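The structure under discussion appears below in the form of structure tokens.
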Amino acid sequence: MIPIPPAGLTWLPRFSCQRRTCKGAGLKPLTHAWLSSMKLSRSSSIQVTLLRTYCWTFRQLFCDFGEDFMVQDPTEAEPLTAAIKDISQGSPGIITLKGEVNGHSFRDGDLVTFSGIEGMVELNGCSPQPIRVQKDGSLEIGDTTTFSHYLRGGTITEVKRSKTVKHESLDTALLQPRVVAQSTQEVHRAHCLHQAFRALHEFQHLYGRLPQPWDPVDAETVVDLARALEPLQGTEELLDEALLRTIALSSAGCLSPMAAFLGAVTAQEVLKAISRKFIPLDQWLYFDALDCLPEDEKLLPNPEDCAPRGCRYDGQIAVFGTGLQDKLSHQHYLLVGAGAIGCEMLKGFALVGLGAGGGGGVVVADMDHIERSNLSRQFLFRPQDIGRSKAKVAAAAAQGLNPDLRVTPLTYPLDPTTENFYGDNFFSHVDGVVAALDSFQARHYVAARCTHYLKPLLEAGTQGTHGSASVFIPHVTKTYSGPASAGTSEDTIHPVCTMRYFPSTFEHTLQWARDEFERLFQLSAETINHYQQTCTSLADMDGPQILTLLQQVLGVLRVRPQTWKDCVVWALGHWQLCFHYDILQQLRHFPPDKVFEDGTPFWSGPKQCPQPLEFDINQDTHLCYVLAAANLYAQMHGLPGSSDQTALRELLKLLPQPDPQHLNPIFTSNLELASAPAEFGPEQLKELQKALEVWSKGSPLKPLLFEKDDDSNFHVDFVTMAASLRSQNYGILPANRAQSKRIVGRIIPAIATTTAAVAGLLVLELYKVVGGPQPLGAYRHSYLNLAENRFDRWVPSAPTIQTFQHLKWTSWDRLKVPAVQPERTLESLLAYIQEQHGLRVRMLLHGTAQLYSAEWPPEKQIQFLPLRVTELVQRVPESGLLVLELSCEGEEDETAFPPLHYEL
Numbered sequence: 001m002i003p004i005p006p007a008g009l010t011w012l013p014r015f016s017c018q019r020r021t022c023k024g025a026g027l028k029p030l031t032h033a034w035l036s037s038m039k040l041s042r043s044s045s046i047q048v049t050l051l052r053t054y055c056w057t058f059r060q061l062f063c064d065f066g067e068d069f070m071v072q073d074p075t076e077a078e079p080l081t082a083a084i085k086d087i088s089q090g091s092p093g094i095i096t097l098k099g100e101v102n103g104h105s106f107r108d109g110d111l112v113t114f115s116g117i118e119g120m121v122e123l124n125g126c127s128p129q130p131i132r133v134q135k136d137g138s139l140e141i142g143d144t145t146t147f148s149h150y151l152r153g154g155t156i157t158e159v160k161r162s163k164t165v166k167h168e169s170l171d172t173a174l175l176q177p178r179v180v181a182q183s184t185q186e187v188h189r190a191h192c193l194h195q196a197f198r199a200l201h202e203f204q205h206l207y208g209r210l211p212q213p214w215d216p217v218d219a220e221t222v223v224d225l226a227r228a229l230e231p232l233q234g235t236e237e238l239l240d241e242a243l244l245r246t247i248a249l250s251s252a253g254c255l256s257p258m259a260a261f262l263g264a265v266t267a268q269e270v271l272k273a274i275s276r277k278f279i280p281l282d283q284w285l286y287f288d289a290l291d292c293l294p295e296d297e298k299l300l301p302n303p304e305d306c307a308p309r310g311c312r313y314d315g316q317i318a319v320f321g322t323g324l325q326d327k328l329s330h331q332h333y334l335l336v337g338a339g340a341i342g343c344e345m346l347k348g349f350a351l352v353g354l355g356a357g358g359g360g361g362v363v364v365a366d367m368d369h370i371e372r373s374n375l376s377r378q379f380l381f382r383p384q385d386i387g388r389s390k391a392k393v394a395a396a397a398a399q400g401l402n403p404d405l406r407v408t409p410l411t412y413p414l415d416p417t418t419e420n421f422y423g424d425n426f427f428s429h430v431d432g433v434v435a436a437l438d439s440f441q442a443r444h445y446v447a448a449r450c451t452h453y454l455k456p457l458l459e460a461g462t463q464g465t466h467g468s469a470s471v472f473i474p475h476v477t478k479t480y481s482g483p484a485s486a487g488t489s490e491d492t493i494h495p496v497c498t499m500r501y502f503p504s505t506f507e508h509t510l511q512w513a514r515d516e517f518e519r520l521f522q523l524s525a526e527t528i529n530h531y532q533q534t535c536t537s538l539a540d541m542d543g544p545q546i547l548t549l550l551q552q553v554l555g556v557l558r559v560r561p562q563t564w565k566d567c568v569v570w571a572l573g574h575w576q577l578c579f580h581y582d583i584l585q586q587l588r589h590f591p592p593d594k595v596f597e598d599g600t601p602f603w604s605g606p607k608q609c610p611q612p613l614e615f616d617i618n619q620d621t622h623l624c625y626v627l628a629a630a631n632l633y634a635q636m637h638g639l640p641g642s643s644d645q646t647a648l649r650e651l652l653k654l655l656p657q658p659d660p661q662h663l664n665p666i667f668t669s670n671l672e673l674a675s676a677p678a679e680f681g682p683e684q685l686k687e688l689q690k691a692l693e694v695w696s697k698g699s700p701l702k703p704l705l706f707e708k709d710d711d712s713n714f715h716v717d718f719v720t721m722a723a724s725l726r727s728q729n730y731g732i733l734p735a736n737r738a739q740s741k742r743i744v745g746r747i748i749p750a751i752a753t754t755t756a757a758v759a760g761l762l763v764l765e766l767y768k769v770v771g772g773p774q775p776l777g778a779y780r781h782s783y784l785n786l787a788e789n790r791f792d793r794w795v796p797s798a799p800t801i802q803t804f805q806h807l808k809w810t811s812w813d814r815l816k817v818p819a820v821q822p823e824r825t826l827e828s829l830l831a832y833i834q835e836q837h838g839l840r841v842r843m844l845l846h847g848t849a850q851l852y853s854a855e856w857p858p859e860k861q862i863q864f865l866p867l868r869v870t871e872l873v874q875r876v877p878e879s880g881l882l883v884l885e886l887s888c889e890g891e892e893d894e895t896a897f898p899p900l901h902y903e904l
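Counting from 1, position 237 in the sequence shown corresponds to residue 237 in full-length UniProt numbering; the numbering is continuous, with no gaps.
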């Protein structure tokens with residue numbers, strides 16, 4: 001028999017990997033009888049998660065996974081791997097890794113195993129071995145004296161260790177609470193909240209109800225009950241009675257974002273119990289939203305203002321009163337992105353009533369369509385929605401949650417190409433913006449729009465079990481300054497020579513494969529279409545670039561493909577070109593035994609000597625590459641493709657191996673092309689002209705734009721297979737499909753628990769933004785890691801004040817130049833800036849266009865200074881506002897002047 005928890009508790013037990021959820025029956029405190037039944041459950045090896053649900057401005061979560069719970073995979077991180085450069089024979093043996101010294105993250109005591117080693121094969125597949133990290137970054141292992149001599153290659157891989165968790169029973173943990181906290185101050189607050197819950201339980205037991213909203217008499221009763229409680233063991237902390245009083249005053253309320261956050265954390269704990277993946281909470285987690293209340297006690301609501309109205313928002317009104325509810329209903333908000341976080345935010349808007357009143361509303365902007373892979377983490381979508389607009393489906397689903405919610409879906413992207421739509425008029429009707437985007441580049445753009453229009457920005461992001469929620473308020477906090485992308489910069493450019501000839505990491509091979517996709521299936525088609533439409537003389541075109549693109553799209557074919565078989569023939573030929581013949585050609589230029597003049601081997605350090613691959617129809621990677629490449633080639637030429645691997649394997653058995661003389665009809669290798677002169681002789685131009693004329697016959701080709709979310713279009717399959725084969729050429733450990741998709745698609749992976757948690761945190765900040773002007777200390781940035789039980793919240797930084805001479809400004813400020821008639825000339829604008837702001841302009845820019853430079857020669861200044869400003873810009877915006885950048889005499893390198901807003 002499963003014991004029934006008291007009302008207000010959700011108990012999530014597990015019997016042999018089966019979950020059951022029990023709802024409470026009746027208002028009962030934590031009685032001795034119930035605690036005894038919990039002990040019986042504990043003896044039956046039941047993992048228990050308790051979530052207090054009756055007190056919604058602060059929440060309590062308790063976990064008891066027993067005295068001997070084995071966590072098989074404690075962390076989210078993938079096992080560390082590294083390529084081996086050398087292993088010494090000795091006691092101990094020393095392993096030298098390829099790549100930068102100390103570039104790995106191995107630590108003393110880590111267990112590792114080995115694979116792919118040539119020579120010292122005794123290590124391959126060995127039992128886990130402990131290592132010690134040396135100062136120079138090398139690794140020390142056991143005795144290798146009797147092992148074979150190391151020759152080359154091999155990978156070292158971390159072996160994750162399991163961990164045993166020991167929890168106390170609930171009756172013990174009530175008086176000896178182990179709390180999740182990151183500081184001594186947080187521990188003290190958690191202990192106060194722990195006692196507050198005990199006092200509320202006692203109040204509930206005595207009066208059969210919770211304290212009335214903002215009733216000072218009931219609140220004092222709760223404080224008195226807390227004073228009378230048995231003190232916690234092992235601590236002599238004094239109760240924070242002011243905190244207890246505030247908790248009691250707001251304890252009857254109900255906030256949906258609190259449910260979202262703690263519900264997500266609870267769900268993750270249940271998953272930990274089922275999967276034995278990640279460390280469970282140890283053991284109490286406390287979280288409160290009291291920072292959403294006004295700091296000034298005079299602004300706190302009164303009992304009359306918080307009385308029930310008989311509406312769906314009564315729980316929220318019980319905390320904040322009717323004033324905030326009215327403000328929420330009249331808000332106009334822009335939600336950018338209807339993906340995982342966007343769906344959660346729309347749900348949050350529906351539950352709190354944002355834009356659900358007269359004159360209010362929410363605009364959701366997303367140009368994407370629903371893919372099957374979205375269904376696992378974007379809960380407003382269903383299988384029947386695949387292929388439909390995310391914005392439209394999400395808007396309809398949110399209105400199903402709250403019919404009063406006014407949602408307008410837009411399918412235009414929010415980027416520089418749509419500033420005529422998302423312009424002054426649009427943003428003048430927006431009270432705030434929520435960014436739920438999976439690209440840091442897009443986040444930067446949306447943040448820049450918010451800074452330009454002085455709009456509050458709420459922004460959230462996730463990466464696996466990691467999540468963040470941030471708020472940016474004009475003139476109160478710093479502006480958004482997130483990274484260019486996850487991990488390394490999204491705009492990081494790997495040198496072409498490194499990617500093509502000397503890759504040393506799987507990121508290099510993935511970047512090469514992504515570029516290969518673009519060259520083969522997009523740029524080549526665009527180039528041929530351009531030639532077909534314009535018949536431009538080759539003498540006027542970029543010969544080297546066209547040769548690069550054309551030789552690849554031609555491959556072994558002399559005419560355009562007409563059938564699926566033609567596409568397979570091309571794909572097989574391209575496989576041979578990339579992974580066999582090009583490698584042979586490279587080794588002819590750079591032999592394995594090549595040395596520099598000082599005797600240093602050419603193939604050393606990060607440069608790994610490649611090996612050509614032999615096509616093997618029985619290798620899945622080989623077959624899948626041909627399948628993906630042939631389908632993409634068919635799509636580009638408007639031909640039907642095929643997903644039948646069995647039929648493809650039979651067709652490949654019948655095809656002869658490609659003739660290497662036909663693989664590159666103009667040049668024999670990429671290396672020769674790379675070193676080709678910029679000017680082409682008559683014979684080369686004639687060959688190119690002939691090839692273009694043949695290929696340009698027929699309908700235009702279809703350029704393929706890389707799309708990461710459609711798992712049936714072969715885009716990610718091609719890049720993954722191409723990168724994997726390239727990695728095999730160079731002895732690099734390849735990435736799996738999920739890693740490849742994340743890297744080349746430049747996306748941030750999401751899971752449902754993390755997205756729900758960060759959305760809840762963001763809606764808590766929304767209360768503050770909508771409530772009216774708040775001091776900096778009211779706002780919170782948040783970071784969480786559900787796998788490692790990290791929950792950090794902190795006050796954002798104030799905007800940095802910059803100074804120059806007598807001027808002071810932050811990133812939210814701008815210099816304004818009012819409109820006059822007739823319009824100012826460049827000369828009068830410079831004079832106005834000097835007169836009004838004391839700045840002597842050295843350079844003036846509009847975008848990338850230079851409108852003025854003090855370095856111009858006198859004749860150029862005489863020519864441009866009399867011109868009106870609108871005559872100097874390439875395009876006059878419809879908004880009637882030019883945003884200019886300036887640098888001034890006497891500025892230092894780090895000075896960044898505010899933008900100059902020139903009104904027309």
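Backbone N, C-alpha and C fix where the C-beta goes; we use that ideal spot for every residue, glycine too.
These numbers come from a predicted model, not from an experiment.
Span of the alpha helix (DSSP H), counted from its first residue to its last, around residue i
i      : result
Tyr730 : 715-730
Val270 : 256-275
Lys392 : 390-401
Lys298 : Lys298 -> no alpha helix (DSSP H), and no H or E assigned at all.
Asp218 : 216-227
Tyr625 : 620-636
Sub-8 Å separation of residue i and residue j beta-carbons
i      : j      : result
Arg793 : Arg814 : no
Ile732 : Phe590 : no
Pro294 : Leu300 : yes
Lys166 : Glu67  : yes
Ala447 : Thr479 : yes
Lys455 : Gly423 : no
Phe114 : Leu139 : no
Ala260 : Gly760 : yes
Enclosing beta strand (DSSP E) for residue i [first to last residue]
i      : result
Cys63  : 58-64
Pro409 : 407-410
Asn425 : Asn425 -> not in any beta strand (DSSP E); alpha helix (DSSP H) instead, spanning 424-428.
Tyr333 : 332-336
Val809 : For the sequence presented, residue 809 should be read as Trp rather than Val. Here the beta strand (DSSP E) through Trp809 covers 807-809.
From the options, residue whose alpha carbon lies closest to that of residue i
i      : options                        : result
Ala436 : Ala338, Asn529, Arg406         : Ala338
Asp314 : Ser256, Asp73, Thr75           : Ser256
Pro92  : Thr754, Val319, Arg132         : Arg132
Asp717 : Leu701, Asn736, Ser727         : Asn736
Thr848 : Glu855, Leu884, His837, Ala854 : Leu884
Phe320 : Gly253, Gln378, Glu269         : Gly253
Gly355 : Tyr445, His188, Leu335, Ser439 : Leu335
Ala340 : Arg312, Thr145, Phe379         : Phe379
Gly116 : Gly698, Asp110, Asn124         : Asn124
For residue i, the residue or residues it bridges with in DSSP
i      : result
Ser782 : Ala469, Arg793
Phe349 : None; Phe349 has no bridge partner.
His369 : Ser389
Met70  : Thr164
If you pair each beta-carbon of the region 593-602 with each one of the region 622-640, do three or more pairs fall below 8 Å?
no
Say whether the region 326-342 touches the region 766-774, bearing in mind that this needs 3 or more beta-carbon pairs closer than 8 Å, one atom from each stretch.
yes
The region 355-372 touching the region 447-466, judged by at least three CB pairs closer than 8 Å:
no
The region 175-192 contacting the region 264-279, beta-carbon criterion three pairs below 8 Å:
no
Closer than 8 Å is the cut-off here; do at least three beta carbon pairs connect the region 199-214 with the region 224-232?
yes
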